[in-house]
Structures are given as C-alpha cells and as structure tokens.
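Protein sequence lines correspond, in order, to chains A and B.
Residue numbering for the first sequence follows my numbering, beginning at 1 and increasing consecutively.
Residue numbering for the second sequence follows my numbering, beginning at 1001 and increasing consecutively.
C-beta atoms are modelled at their ideal positions from N, C-alpha and C, and glycine is treated no differently.
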Amino acid sequence: MNKVEQISIFLENKPGGLEFVTRVLKDAGINIRALSLADTSDFGVLRLIVNDVEKAKRILKENGFTVGRTSVVAVLVPDRPGGLHGILESLSKEKINVEYMYAFVERSGEHAIIIFRFDATDRAIDSLTKSGFTVLPGEKVYSL
Amino acid sequence: MIYNEEFETLPREALEALQVKRLQQVVQRVYHTVGFYKRSFDNAGVKPDDIKTLDDLRRLPFTTKQDLRDNYPYGLFAVPMSSVVRVHASSGTTGRSTVVGYTKRDIDTWSELMARCFVMAGLTKNDIIHNAYGYGLFTGGLGAHYGAERLGASVIPISGGNTKRQIMILQDFAPTAICATPSYALYLAEQGEEMGVDMRSLKLRVGVLGAEPWSEKMRRQIEDKLNITALDIYGLSEVMGPGVAMECTEARQGLHIFEDHFIAEIIDPETGETLPEGETGELVFTTVTKEAFPLVRYRTRDVSRLVKAPCRCGRTLVRMDRITGRSDDMLIIRGVNVYPSQIEGVLLNVPGIEPHYMLIVDREGTLDTLEVQVEVGETVFAETGEVKVLQELSRRITKDIKDYLGISSKVKLVEPKTIQRFEGKAKRVIDRRTI
Ligand SMILES: [Zn+2]
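In structure tokens:
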C-alpha cells in the first residue's frame, strides 16, 4: 500500500517541549523528513515523518512521550500555479475530505511533496492514482 | 439465602420503631455510665429523654476519633472490665491507637452479624473458609472466624502473611471462600500465577473482601484472576469490626447495613447537617445494641451514600455505597461538595486515560475554578494520534464531571508520567484559593 506512516506526539503547551523531541531524535540519529505542529489552546500534537519510524517510536516512548501513528498519503504536486488545486479538485469530486496537510521539506525533481491526511485514506489513494497523480510509497518517502 | 430472615426483612416501619426503642435505651445507658457522653450531651443541651424519634438523633453531638483517643484506653467503656471478655485495637498510624471492648453478648451479636454476611455472600455450613484477615488486635481475623463458626462452616485460620504457604493451602485444603483485604487477594492471585499455579481452577468461588477501600476495576481483576465472585464487606473496629454492612450477591449494588444494630446517617462533613437520602457525604454510625463500647453518632470520615429502596435480595436493610474516599478530602467548589474520589470515579469510566490525576482549585474573581489534570494514555492516542480524538476526550471528561457532579471544570490533558506519583496516600488536590 502506498501509505506513509506518520508519528504523532502529544505535547503539553510548555516551553522546551518541542526542543526535547528534536534533541531525543537527533541523539538517536533520526532524520526528520517533514513535520507539522497542530496546536490547540491546551495542548499540541507534533506530526512527523522520519527516516526510521520504528526506531523513532521506540526512542520517543523510552523518553516518556505518548506516541501515536497515523496513516497519511504523500502526493507529488506539480510545482506550478494550480498544481495543488488540481489535486484538491479531484478529491472534492469524490467527496473525500482532507483533514489536514503539510509540505515536505525536500522536493522530488520538479515536484513538491505534500502530506495529506484523509478521512478515507484507501479511497483517496485509489482516486488520486486513477486521476494520474503520483502517490509515493512509504519506503520512498522515508529515504528521500 | 438470609441468615436472620426476621430481622433482615423487617418492614421499614417496624425496623425504625425498633431502632428508636433501642436508641432511647443506648442514649440513657451511655448518659448514665460514661462520663464523656454525660459531658458531651450536657454541653449540647440535650437530655436522653429528648430523644423521641429517629429524627431527634441529629440533636445529639458527634463522637470523633479524637474523642476515642482522648479517652484511651478504657474511658469510653460502658461496663466494668469484669464484663469485658475481649479487647481489640485499631492501629494508630498517628498517635495513640483506639481501644474497643466487647461483652460476651457483644461477641455473640458480632458473630451473628458476620454469619449474616457469609450467608449474604451465598455461603453455607458446607463451605470451607480461608480466613486471611489478620488475627490479633485487628478485628478482621477473629471477627470473620467467629462468624464462620457460627454459620457452621469450616474455618482455616490462616491469618495474614506467608503467601507461599497460603497458596499451597488454597490448593490442598480446597477452601471455597476467602476472607482477605482486596489488595491481599489480588496479591495472592498474582503470586500464585508467578509460582505457576492455575489460580482460576482452585475450588474458591467467593471472596468476602474488605477492610480497605477498593474499586470496581479491582473487583474485576480479582474476579478474573481467581475466578470467584468478589463481594465487599464493611466494618470498622470502633463500631464493631467487619460485619457492619455487607454486599448481597443478588444485587451487588451497595452494602446492606444491619440496621437492627446500627443506625447510619450521612452528614455534610463541613456543616454537620444530616443530608437527605441519596446524597453523598460522611458516614456516621450509632450503635444501638453494643454493651461494652456503645458509640453515639460516630464520625467515620468514610464517604458514602445511603439508599433505602427495596433490594432484589429481599432485605429491607438500607444500602450504603462502597466507600469512595475520606471526608477530610472534601472540597467545596462553588458551594458544591466534591470528593476527589467522585472525580476519580468519573475518570475511571473514561477509556484512554491513566488513573493519575490532579485537581487544581483556584479562584478567579469570586468564582471558584476547577482544573482537572489527566494523563493521556497510550491507548487512546496510539490508534490515530489525532488532535480531534484528544479534544473529544477532553470534552467528554468535562461533560461527565458536569453530569455526575454538577460542576464545571476545565480539563487539561498532560503528558504521561508527569503527574507526581505517591507512595501510599496520594495527594490529589492543590487548592490555591485564599480565603
Ligand atoms: Zn440486597
């Protein structure tokens, strides 16, 4: 399956919380490929794509974090005006909802990589593939 | 089955008439034989003759643990030592212990009440009872022992400790029932498992467990690990010992108090007012038949609730909720009495959070605020790792607290293992209000 595993980390809103996560990962030699911080008034959830999911999860748990995993989808987006719109339009036709999305740090040739979280992941992958978009498999994304 | 059909199923009116009669007798007796009660009644301006109905009970002053300590060791005995056949004492973790005495008739009554408890638990003379309550100054061991003998069951007076031997005896002597504290029952189960014993296939079928507060969750664990029905028994040495109240197998919803011997009240621990039936507060007992150590309106500091509704087991005796906490821990938030244990009860029913919490009470302007800090567990988050799941969790807790306790709160989800762990008694409340 062309899903990508995202790690989520529960964080209280307090100084140093984020820094501790990045330090723990750095010390374990884990490379963060993409990240996004979802913030509410009370707490935050840090979403990460890393090069070694299992190791990162283990290290984070050992350091006392509450770690979750979510299936997300990495899609190549043509780096030109309307590139993203084309994708969203095709999803909208299929009535697939995007819960959140964020961009990858690196690019893949002429393409940007966007991480999507859908309410119907499998259907979204099918639909995007049929419409001619490139959905990147997990292994490819982790090792970019 | 009911051990004493007549007294356990008395119509409420007849029961209350009996209580009034016995109350009047005990009030007369303590007033004339125990210096402490004479002084305390006189100070409150109440005479034994003023007690005409059950409602008059609330005119009598309370007796506290401190009063018991002040009269250490025999000051509250209402009979000469020549009539006392036994003493027990509660362990005094702070200061002096409290000493209680029993006449021959008191022991007789106690034995009967314990026999009633065993029958309420579904036991008969054909049962073999493994009695792991401590024998000695503690009332548990001998109390259960006499009751089991009264019933005609076979008692294994194993007492506490020496767990390996206990597990061997559970296998070899094939007891069908066990008396122990819930934590010891669980410990036995776990140690047995570790020794490679199949603890579920023992002959045990019933546990009569008490002498400490425990939760439904713990009950399920014990029942699962030992493959038994675990029932709650309540008692305290000051009032008698185990056997003041017992849960029936039929309903398992509250413990029947033996009201022909004890009158129970629920009071507001702050004001001392008697609360209406069904409200949560501090449990207060008056013993109406005890000879050596009668107690009038003894404040147990245990938090409970009384329900008089008829029970499906056929008993008319009032039921008390399992003890959920100590009245000393009560908070008053916007005029509402709240016990940390009630909030704990709400939290235990919410899947996905750890049983570690902290209550922060503060005041904004003139309004009290309650913040409930709860640790987020792995389970709820691991599935999806989504923000909305946590927000729903937080909303649900707020709503449940509002529904059950009638107070608004702010829930703060915190990282695991960040709430301080406590050895022994947990401190769950930070009250920042300054009066
Ligand atoms: Zn009942």
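Buried versus exposed, by CB contacts within 10 Å (16 or more), G1241 (chain B):
buried
For R1315 (chain B), verify whether its CB is less than 7 Å away from any heavy atom of ligand 1.
yes
Which residues in the same chain have their Cβ closer than 6 Å to the Cβ of E139 (chain A), if we skip the five residues on either side of it in sequence?
none
For the alpha helix (DSSP H) containing S92 (chain A), name the first residue and the last one.
83–93
Reduced DSSP secondary structure (H/G/I, E/B, other) of H1032 (chain B)
helix
DSSP has E1375 (chain B) in a bridge; who is on the other side?
B:V1414
Strictly under 8 Å for the Cβ-Cβ distance: is P1416 (chain B) near chain A by that measure?
yes
Under 8 Å Cβ-Cβ, which residues of chain B neighbour A38 (chain A)?
V1387
Per DSSP, A1121 (chain B) forms a beta bridge with which residues?
In DSSP, A1121 (chain B) forms no bridge with anything.
Cβ pair F10 (chain A), V45 (chain A) closer than 8 Å
yes
Alpha carbon to alpha carbon, what distance is there between T70 (chain A) and E1386 (chain B)?
8 Å
Starting from F1041 (chain B), find everything on chain A with Cβ-Cβ shorter than 7 Å and list it in chain order.
What F1041 (chain B) touches in chain A: nothing, since even the nearest Cβ is about 55 Å away.
Skipping 5 residues on each side, what residues in its chain have a beta carbon closer than 6 Å to that of V141 (chain A)?
V4, A74
Of the listed residues B:D1232, B:E1194, B:T1109, nearest to I1178 (chain B) (C-alpha basis)
B:D1232
Rounded to whole angstroms, what is the Cα-Cα separation between V1350 (chain B) and L1283 (chain B)?
28 Å
Could you give the residue range of the alpha helix (DSSP H) that holds V1346 (chain B)?
1340–1348
With three or more beta-carbon pairs closer than 8 Å as the criterion, would you say the segment 1249–1268 of chain B touches the segment 1115–1126 of chain B?
yes
Option nearest Q1171 (chain B) by Cα separation, candidates B:T1379, B:L1188, B:G1160:
B:L1188
N-terminal and C-terminal residue of the alpha helix (DSSP H) that L1405 (chain B) is part of:
1387–1405
Excluding sequence positions up to five away, which residues of its chain have a Cβ less than 6 Å from the Cβ of S146 (chain A)?
Lying before the first or after the last residue shown, residue 146 (chain A) is absent from chain A, which here runs from 1 to 144.
Let me confirm a value: L35 (chain A) is counted as buried when at least 16 other C-beta atoms fall within 10 Å, else exposed. Which label applies?
buried
Does any residue of chain A bring its CB to less than 8 Å from the CB of E1383 (chain B)?
yes
Using beta carbons (cut-off 8 Å, strictly below), is T121 (chain A) in contact with chain B?
no
Own chain, CB closer than 6 Å to R1334 (chain B), minus 5 neighbours either side, in chain order:
D1368
Is the beta carbon of K47 (chain A) sitting closer than 8 Å to the one on S8 (chain A)?
This sequence places Arg at residue 47 (chain A); Lys is not what is there. Their beta carbons are under 8 Å apart, which means R47 (chain A) touches S8 (chain A) by this criterion.
Among B:L1018, B:V1374, B:H1356, B:R1433, nearest to T1366 (chain B) - alpha-carbon criterion
B:R1433
Partner residues on chain B for V12 (chain A), Cβ-Cβ distance less than 9 Å:
The sequence shown places Glu at residue 12 (chain A), rather than the Val named in the question. Near E12 (chain A) (Cβ distances below 9 Å), the residues of chain B are K1412, L1413, V1414, E1415, T1418.
To which residues of the same chain is R1200 (chain B) closer than 6 Å at the C-beta, ignoring the five residues directly before and after it?
N1227
Give the range of the beta strand (DSSP E) segment to which R1058 (chain B) is assigned.
Per DSSP, R1058 (chain B) belongs to no beta strand (DSSP E) and is neither H nor E.
Between D42 (chain A) and chain B, is any beta-carbon pair separated by less than 8 Å?
yes
Would you say R69 (chain A) lies against chain B (beta-carbon separation less than 8 Å)?
yes
For V1376 (chain B), go through chain A and note every residue whose CB falls closer than 7 Å to its CB, in chain order.
F10, T66
Can you check whether the C-beta of V45 (chain A) is within less than 8 Å of a C-beta belonging to chain B?
yes
Cβ of E1250 (chain B) versus every heavy atom of ligand 1: is any distance shorter than 7 Å?
yes
Going along the chain, which residues of its own chain have a beta-carbon closer than 8 Å to the beta-carbon of V947 (chain B), five neighbours each way excluded?
Given that chain B is displayed from residue 1001 to residue 1435, the structure contains no residue 947 (chain B) and the question cannot be resolved.
Report yes if the C-beta distance between L1137 (chain B) and I1263 (chain B) is below 8 Å; otherwise report no.
no
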